[in-house]
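Only one structure is covered here, and it is reproduced in the block below.
2 protein chains.
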Amino acid sequence: MPLQYNEFYNEQTGLTVGLKKKLFSKKSEYQLVEVFETDTWGNLMTIDGMVMLSERDEFVYHEMLSHVAMFTHPEPKRVLIIGGGDGGTAREVLKHPSVEQVDMVEIDETVVEASKLHFPGVGDFDNPKLNVKFEDGIEFVKNTAASYDVIIIDGSDPIGPAVGLFERDFLKTCFDALADNGVLTSQTESPWVESYHPSMKKVFTSLGDLFPITKMYLSYIPLYPAGMWSMACATKKESPLSDEVLKRASSNTYLLNSLDYYNPEVHRGAFALPNFVKRIIED
Amino acid sequence: MPLQYNEFYNEQTGLTVGLKKKLFSKKSEYQLVEVFETDTWGNLMTIDGMVMLSERDEFVYHEMLSHVAMFTHPEPKRVLIIGGGDGGTAREVLKHPSVEQVDMVEIDETVVEASKLHFPGVGDFDNPKLNVKFEDGIEFVKNTAASYDVIIIDGSDPIGPAVGLFERDFLKTCFDALADNGVLTSQTESPWVESYHPSMKKVFTSLGDLFPITKMYLSYIPLYPAGMWSMACATKKESPLSDEVLKRASSNTYLLNSLDYYNPEVHRGAFALPNFVKRIIED
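Protein sequence lines, in the order shown, are assigned to chains C and B.
For the first sequence, our numbering assigns the number 1326 to the initial residue and increments by one for each residue that follows.
For the second sequence, our numbering assigns the number 1326 to the initial residue and increments by one for each residue that follows.
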């Protein structure tokens, strides 16, 4: 059955999404940012043709990238987000009452522009605790004098402007910018896409060398390749699976009730890796 | 970008798979069974256009449907599989050394024919412990005098011949055909596909009424809708999350080393349900 022109087809994901219309298309200095109205996933943002988020499934990615980090730290006050221009990660981080300041460093203002226009439920851009900076996150971290409790690397795939986010030198500067009990999370691609295995292996090897504790965890993100997405959690002190962390993750009922994916059991269960996934990052 | 005729497109999944050629196509008394050679997933079987398995991802479904049941029972000897014509579930069940007899009741001989021809690595059809019967599984369970330790319901989606596998009357006959400490698992569709929520709710309500313990668990199956697949585990006695079960699941190193997905941590982690999934089966 031949597809129609009004269907988005992502070669990397094998995913086809029915489109109603194109809402936004802008070639920035860095990349092509587009937004489509879809049949069943709400609005969909792509960058250089790769799926970034849809209104219907964005909660999974943003909750899992944020809350695993935020509950692993005992009292996160200062948070740095590298990338994250759609605003969803900042929105989740800002739900934590301990937070005093969130610095979001997005290289491409076009992503924020598209999100504000077409994903009104995703960002919390008017929150006074949020500082959005349009600059290169790699340079920012290298030069910052600040000390963060949590750093979240919310970049796109390791081709194009996000390639440096998978490099050891950058991860070392993140380590240095974290306070003594700092926690880092990063998106680290789909275990099903073999062409990304070298990047995944590199990230986990680098984090494992730099941090006392580094673990991979997984979540189900339908519009990302193969629906299985990996993330890294690296910490200077506490394991994301310690009893303390799991107890903390259960404590804020008000926050937990606002979530659609994350809960303390999911936090713990996400770190259980199928054998074929373990093999990707083992030596 | 318009797709080509040589691409399989599943409207339900939104999945597009590049096809090299059609290897098998037969309209049986019950359904249309087809096999395609694909670009990157090995051979792919569809029934009435719905994805059943690919060579590359079948291990996830078959390991998770089988081993969760098999390790939850203390010493499974007699196993009944309803459906499962591709042979993958029986292959996994037969890895357990306690097994003496596996009855596989598949309504449609065409599925076994297609599997033997085009999925030579999936079935273990020559195993002397395996009895394949071509008849209606619902009638078989109703009339059997046998008592099984484990029953695995490995049917297709609840439209067409598999619709009865989601009915309470059938599940009651399964309960009756199970021994005192019997365990049942069943595939129960994707939580992301809203049109299946009523079927899912019905299965879990019926199992919950019949069995002392009923739980949902999840696994990542890339070619199934949205990549997230749910399964039910219902038991007469022991919880699939008891310390005994998890200890047993760790004990057979030889078996575990042969697997690509299942391990004791994954067994436990699979029962951690995201909030939006819990809501589907809660009242």
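Note that CB positions come from ideal geometry on N, CA and C, so glycine has one too.
Being a predicted model, the structure only gives us computed values, none of them experimental.
Tell me the DSSP bridge mates of residue i?
i, result
"Phe-1333 (chain B)", "B:Val-1342"
"Lys-1347 (chain C)", "C:Phe-1361"
"Asn-1368 (chain B)", "B:Glu-1362"
"Cys-1558 (chain C)", "C:Thr-1510, C:Lys-1540"
"Leu-1378 (chain C)", "C:Met-1370"
"Lys-1458 (chain C)", "C:Val-1430"
"Leu-1580 (chain B)", "For Leu-1580 (chain B), which the question treats as bridged, DSSP gives no partner whatsoever."
"Ile-1477 (chain C)", "C:Ile-1406, C:Thr-1510"
"Tyr-1587 (chain C)", "None; Tyr-1587 (chain C) has no bridge partner."
"Trp-1503 (chain C)", "Sequence check: residue 1503 (chain C) is Leu here, not Trp. DSSP lists C:Tyr-1473 as partners of Leu-1503 (chain C)."
"Tyr-1545 (chain C)", "C:Met-1553"
"Lys-1352 (chain B)", "B:Leu-1357"
Less than 8 angstroms between the C-beta atoms of residue i and residue j, yes or no?
i, j, result
"Thr-1414 (chain C)", "Leu-1390 (chain C)", "yes"
"Val-1393 (chain B)", "Pro-1565 (chain B)", "yes"
"Gly-1552 (chain C)", "Tyr-1545 (chain B)", "yes"
"Lys-1402 (chain C)", "Glu-1425 (chain C)", "yes"
"Ser-1511 (chain C)", "Thr-1435 (chain C)", "no"
"Val-1518 (chain C)", "Pro-1483 (chain C)", "no"
"Phe-1529 (chain B)", "Ile-1407 (chain B)", "no"
"Val-1457 (chain B)", "Cys-1499 (chain B)", "no"
"Tyr-1334 (chain C)", "Asp-1433 (chain C)", "no"
"Pro-1516 (chain B)", "Val-1404 (chain B)", "no"
"Val-1430 (chain B)", "Glu-1460 (chain B)", "yes"
"Ser-1481 (chain C)", "Ile-1372 (chain C)", "yes"
"Thr-1578 (chain C)", "Ala-1559 (chain C)", "no"
"Thr-1561 (chain C)", "Pro-1537 (chain C)", "Residue identity check: residue 1561 (chain C) is Lys in the sequence provided, not Thr. For Lys-1561 (chain C) and Pro-1537 (chain C), yes; Cβs fall inside 8 angstroms."
"Phe-1384 (chain B)", "Val-1570 (chain B)", "no"
"Ala-1502 (chain C)", "Ser-1472 (chain C)", "yes"
"Arg-1593 (chain B)", "Ala-1504 (chain C)", "no"
"Leu-1548 (chain B)", "Asp-1382 (chain B)", "yes"
"Thr-1513 (chain C)", "Ser-1575 (chain C)", "no"
Just to confirm, does residue i get its C-beta within under 7 angstroms of one of the non-hydrogen atoms of the ligand GTP?
i, result
"Pro-1565 (chain B)", "As far as ligands go, the structure on display features none, and thus does not contain the ligand GTP."
Return the Cβ separation of residue i and residue j in integer angstroms, given the expectation that the two are a contact with Cβ distance under 8 angstroms.
i, j, result
"Glu-1332 (chain B)", "Leu-1340 (chain B)", "No, Glu-1332 (chain B) and Leu-1340 (chain B) are not in contact; Cβ-Cβ is about 10 angstroms, not under 8 angstroms."
"Gly-1448 (chain C)", "Ser-1440 (chain C)", "5 angstroms"
"Glu-1359 (chain B)", "Ser-1350 (chain B)", "5 angstroms"
"Leu-1419 (chain B)", "Asn-1452 (chain B)", "5 angstroms"
"Asn-1368 (chain C)", "Phe-1444 (chain C)", "6 angstroms"
"His-1398 (chain C)", "Leu-1580 (chain C)", "Actually they are not in contact, since the Cβ atoms of His-1398 (chain C) and Leu-1580 (chain C) sit about 14 angstroms apart, beyond 8 angstroms."
"Leu-1535 (chain C)", "Glu-1388 (chain C)", "Not a contact, Cβ separation roughly 26 angstroms."
"Asp-1411 (chain C)", "Met-1370 (chain C)", "7 angstroms"
Residues from the stretch 1337-1355 of chain C in contact with chain B, defined by Cβ distance under 7 angstroms: Gly-1339, Leu-1340, Thr-1341, Val-1342
Against chain B, which members of the stretch 1528-1558 of chain C pass a CB distance test of less than 7 angstroms? Tyr-1545, Pro-1547, Ala-1551, Gly-1552, Met-1553
By the 7 angstroms beta-carbon criterion, what residues does the stretch 1560-1589 of chain B contribute toward chain C? Leu-1584, Asp-1585, Tyr-1586, Asn-1588
Does the structure place the stretch 1521-1529 of chain B close enough to the stretch 1480-1499 of chain B that three or more beta carbon pairs sit under 8 angstroms? yes
Beta carbons nearer than 9 angstroms to chain B: which residues of the stretch 1398-1418 of chain C have them? none
Which residues, taken in chain order from the stretch 1502-1515 of chain C, show a beta carbon closer than 8 angstroms to some beta carbon of chain B? none
Would you call the stretch 1464-1484 of chain B and the stretch 1502-1510 of chain B in contact, with 3 or more CB pairs under 8 angstroms? yes
Could you run through the stretch 1469-1494 of chain C and flag, in chain order, every residue whose CB is less than 9 angstroms away from some CB of chain B? none
Taking only beta carbons into account, state which residues of the stretch 1360-1388 of chain C come closer than 7 angstroms to chain B, listed in chain order. none
Contact list for the stretch 1595-1608 of chain B against chain C, Cβ threshold 9 angstroms: Ala-1595, Phe-1596, Ala-1597, Leu-1598, Pro-1599, Asn-1600, Phe-1601, Val-1602, Lys-1603, Arg-1604
Mind listing which residues of the stretch 1441-1468 of chain C have their C-beta closer than 7 angstroms to chain B's C-betas, in chain order? none
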